[in-house]
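This note's numbering numbers the first residue of the sequence shown as 3 and each following residue consecutively.
Glycine is no exception: its CB is placed at the ideal position from the N, C-alpha and C atoms.
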Amino acid sequence: MPAPILIFAVGNESRGDDALAPLLLRRLQEWVASERLGEQIELLEDFQLQVEHVADMSGRRLVLFVDAGMDTPEPYVFYRVEVSDSPVLFSHALKPEALLAVYRQVYRETPPPIFVLCIRGERFDLGDTLSLKAEIRLEAALGFMRSLLRETDIPSLEKRAGGR
């Protein structure tokens, strides 16, 4: 039986600030262990979302995606993802909205509630290191996630959605 909460980090550590989500996930891993939440929270990481990730979402009460974005409001944004009715164009990388549509097609049921934490990044070129601003935003996002994971009922998360 999967953990009720899945936190899925999307990013590439060799592309500068695109490392924000994987780095956040590693820091969360330490916190989850110290808080003894390992049975409640599963942490996964990949370079991008793919069709196959719908299987990781199955049986969850809640899924949180973490990613970095160039035009994201400062320091991050947190929002709920809704299933898109637009056609899904299958490729090697999907947006969370498309992944929900695939989930609905595959399982023929409503997907679990999905929220995204997108942290603002500046530099995404291959070989870049994490920018100083991204390091500061990473700490802010870590504090936000720790606070968020103390209250994971959907109404509480929806109140926080759209906020920073």
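- Message: What would DSSP say about L140, mapped onto helix, strand or coil?
- Response: helix
- Message: Am I right that A11 and V56 are in contact with their C-beta atoms under 8 Å? What's the rounded C-beta distance?
- Response: Cβ-Cβ separation between A11 and V56: approximately 17 Å, too far for a contact (criterion under 8 Å).
- Enclosing alpha helix (DSSP H) for V79 [first to last residue]: Residue range Y78 to V83 is occupied by the beta strand (DSSP E) that includes V79, with no alpha helix (DSSP H) assigned at that position.
- Message: On the DSSP bridge list, what partners appear for I116?
- Response: Looking at the DSSP assignment, I116 forms a beta bridge with V65 and V83.
- Query: Who pairs with I2 in a beta bridge, going by DSSP?
  - Reply: For the chain, the structure presents residues 3 to 166; residue 2 sits outside this window and is missing.
- Tell me which same chain residues have a C-beta within less than 8 Å of the C-beta of I7, skipping the five on either side of it? Once the five neighbours on either side are set aside, the close Cβ partners of I7 are Q42, I43, E44, R62, R63, L64, V65, L66, L151 and T154.
- Measuring CA to CA, which of A21, P4, I9 and I156 is closest to G129? A21
- Per-residue burial, L27 [other beta carbons within 10 Å of its own, 16 or more giving buried]: buried
- Query: Around the C-beta of M3, are 16 or more other C-beta atoms found within 10 angstroms, so that it is buried, or is it exposed?
  - Reply: exposed
- DSSP bridge partner residues for E37 (one or two, in chain order): Its beta-bridge partners do not exist; DSSP assigns none.
- Reduced DSSP secondary structure (H/G/I, E/B, other) of D58: helix
- Item | Exposure label - D19; buried when at least 16 CB within 10 Å | Label assigned to D19: buried.
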